[in-house]
Amino acid sequence: MTTTESNAVFPVALRDPQRIIPRLQARRVAFHGVNKSGSLALATVLGEAYRLAGRSDQFISFYHKVVPSLEDLLALIEAGNNQPALFVAHYLYGAFDARAAKVSYVSLIRHPVPRIVSCYQWMKNKYIQREKSDKGYPTLEKFIKKKGSRNHFQNIQFAAGFGPNKKAIRAELDERQIYNRAQSALAKRLAWFGVAEYFEETIFSFAHMLGLPEVPAWKRDERNTNRPLVTQLDPKIIALIEEKAEWEIKFYNFGRDLFLERLQSIKFGAKFENYRSACAGEYKDRLLTSGPQAGSPLSDEPAIGI
Numbered sequence: 018m019t020t021t022e023s024n025a026v027f028p029v030a031l032r033d034p035q036r037i038i039p040r041l042q043a044r045r046v047a048f049h050g051v052n053k054s055g056s057l058a059l060a061t062v063l064g065e066a067y068r069l070a071g072r073s074d075q076f077i078s079f080y081h082k083v084v085p086s087l088e089d090l091l092a093l094i095e096a097g098n099n100q101p102a103l104f105v106a107h108y109l110y111g112a113f114d115a116r117a118a119k120v121s122y123v124s125l126i127r128h129p130v131p132r133i134v135s136c137y138q139w140m141k142n143k144y145i146q147r148e149k150s151d152k153g154y155p156t157l158e159k160f161i162k163k164k165g166s167r168n169h170f171q172n173i174q175f176a177a178g179f180g181p182n183k184k185a186i187r188a189e190l191d192e193r194q195i196y197n198r199a200q201s202a203l204a205k206r207l208a209w210f211g212v213a214e215y216f217e218e219t220i221f222s223f224a225h226m227l228g229l230p231e232v233p234a235w236k237r238d239e240r241n242t243n244r245p246l247v248t249q250l251d252p253k254i255i256a257l258i259e260e261k262a263e264w265e266i267k268f269y270n271f272g273r274d275l276f277l278e279r280l281q282s283i284k285f286g287a288k289f290e291n292y293r294s295a296c297a298g299e300y301k302d303r304l305l306t307s308g309p310q311a312g313s314p315l316s317d318e319p320a321i322g323i
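When you number the sequence shown by the numbering used here, it's gap-free, plus one each residue, and the end is 323.
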C-alpha cells in the first residue's frame with residue numbers, strides 16, 4: 018500500500034464529541050509499524066499530510082529514509098526533547114523507555130490470515146532473490162505448522178516488545194500469556210491504534226489525532242503482489258492458519274472490536290464517503306466480519322472480501 022500520485026486531497030472534518038481519539042499534535046509519537054500490516058501505506062499518507070500542512074520537519078520515518086538507520090531513529094527518540102514529531106519504524110514498541118522519552122505509542126493491526134500469507138511470501142521472495150531459486154524453502158503449509166512461526170505473529174510484538182530481553186521474554190511466554198499481555202498493551206499502553214481492514218477510518222482517525230487537516234488518497238503497496246489472496250487459498254490452508262494462530266486471531270478480534278467500539282460516537286464528515294470512493298479497490302484482501310459489525314462502522318454496506 019502506498020499513496021497515489023494524484024493531487025486530490027480530502028479534508029479531515031472529523032467530530033469527536035466524547036474525545037475518544039487523543040489529540041497528539043503537540044506530542045512526540047512513535048508509530049510502531051507491524052510488518053505486513055499496511056503500515057507503509059499509512060505512514061506514506063501521513064507523511065504527505067504533514068507536507069501539506071507545512072510540518073514535514075515533524076515526520077521522521079525510517080521507512081522513507083528520513084534517518085539512515087533504526088539506531089539513528091532510536092537515538093532521536095531517546096533524546097527526550099519536547100519538540101513534536103511522528104517517529105515511524107518497525108521494532109519500536111518496547112525498544113525504549115517511553116515515559117523517559119516523553120513518547121506516546123500508536124500502531125496498526127491487520128487480520129491474521131492474509132497477514133500471515135503476506136509474511137510468508139515476503140520472506141520467500143527475499144530467499145529467492147538471495148538464492149536465485151526457491152529450492153529448499155518450505156511450503157506455506159510447512160511454514161504455518163512450524164512452532165517458530167508464532168514469532169511472526171503481531172500479538173507477540175506487543176507482548177514481548179523489542180527491548181534487549183525480547184528473546185528471553187518470548188521464550189518464557191505461553192499462548193495465553195502472550196494474548197493477555199498483547200491485549201493489555203493494545204487497550205492500555207497505546208495512545209491509539211488502527212485496523213487495516215478499516216483503513217480509511219484509520220487514516221482519518223490518525224490525521225485527526227495528529228492535527229492534520231487534509232489527507233491524499235492512497236494506493237496499495239505493489240512489492241508483494243505475487244502472494245495469493247485469501248480467496249485463492251485452499252480452504253485447508255485457511256483452516257490450518259485458524260488452528261495454529263488461534264490466539265493471534267483472538268487478539269485481532271479483540272483489537273478490531275475495541276476499535277469499532279471507539280468509533281461509535283465519532284462522525285467522519287460529509288467528505289469521508291468521497292474519500293472511500295477515491296480509494297475503492299485498492300485493498301484487495303479486506304476481510305471484514307459478518308453480522309452486526311459488517312462493513313464500515315459508518316455505513317450500512319455489507320462486508321465483503323476485496
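Note that CB positions come from ideal geometry on N, CA and C, so glycine has one too.
Query: Backbone secondary structure at Y108 - three-state DSSP; Result: coil
Query: Beta-carbon proximity of A176 to A202, cut-off 9 Å; Result: yes
Query: Residue closest to A96, alpha-carbon to alpha-carbon, out of R36, A115, S78; Result: A115
Query: Beta-carbon spacing of K183, G111 below 9 Å; Result: yes
Query: Delimiting residues of the beta strand (DSSP E) encompassing T276; Result: Position check: residue 276 holds Phe in this sequence, whereas Thr was assumed. Per DSSP, F276 belongs to no beta strand (DSSP E); it is in the alpha helix (DSSP H), 263–280.
Query: Contact between the segment 54–73 and the segment 260–275 (3+ Cβ pairs under 8 Å); Result: no
Query: Endpoints, the beta strand (DSSP E) within which V232 is located; Result: 231–233
Query: Through-space distance from E265 to E192, alpha-carbon basis; Result: 9 Å
Query: Closest residue to F268 among E217, I195, R303 (Cα-Cα distance); Result: I195
Query: Straight-line Cα distance separating F160 from F104; Result: 32 Å
Query: Unbroken beta strand (DSSP E) run spanning G211, endpoints; Result: 207–212
Query: Rounded separation between Q200 and L305 - CA only; Result: 20 Å
Query: Backbone CA spacing between F179 and V232 [nearest angstrom]; Result: 31 Å
Query: Buried or exposed by the 16-neighbour rule on C-beta atoms within 10 Å, applied to H81; Result: exposed
Query: Short Cβ contact (9 Å threshold) for L207 with V123; Result: yes
Query: Cα-Cα separation between P101 and A47, rounded to whole angstroms; Result: 11 Å
Query: Cross-strand partners of V26 (DSSP beta bridge); Result: P233
Query: Cβ separation of I94 and V130, assumed to be a contact under 8 Å, to the nearest whole Å; Result: With a Cβ gap of about 33 Å, I94 and V130 do not count as contacting.
Query: Separation of L227 from S313, as counted between CA atoms; Result: Confidence at S313 is low in this model, with a pLDDT of 39, below 50, so the placement of that residue is unreliable and no value is reported for it.
Query: CB contact flag (Q171, S54, <9 Å); Result: yes
Query: Environment of R273 [buried if 16+ CB atoms lie within 10 Å]; Result: buried
Query: Per DSSP, the bridge partner or partners of K162; Result: According to DSSP, which records beta bridges pairwise, K162 is partnered with nothing at all.
Query: Status (buried if at least 16 other CB within 10 Å, exposed otherwise) for Q146; Result: exposed
Query: Minimum length 4: unbroken alpha helix (DSSP H) runs contained in the segment 82–159; Result: 87–95, 115–118, 129–148
Query: Helix, strand or coil at K284 [DSSP, three-state]; Result: strand
Query: CA nearest to the CA of P230, picked from Q42, K253, Q35, P34; Result: Q42
Query: Three-state class that DSSP yields for V247 in the structure shown; Result: helix
Query: CA nearest to the CA of R293, picked from A256, V212, F216; Result: F216
Query: Identity of the residue in A118, L91, N99, A117 nearest L109 by Cα; Result: L91
Query: Reference R240; option with closest CA among R36, L57, L250; Result: L57
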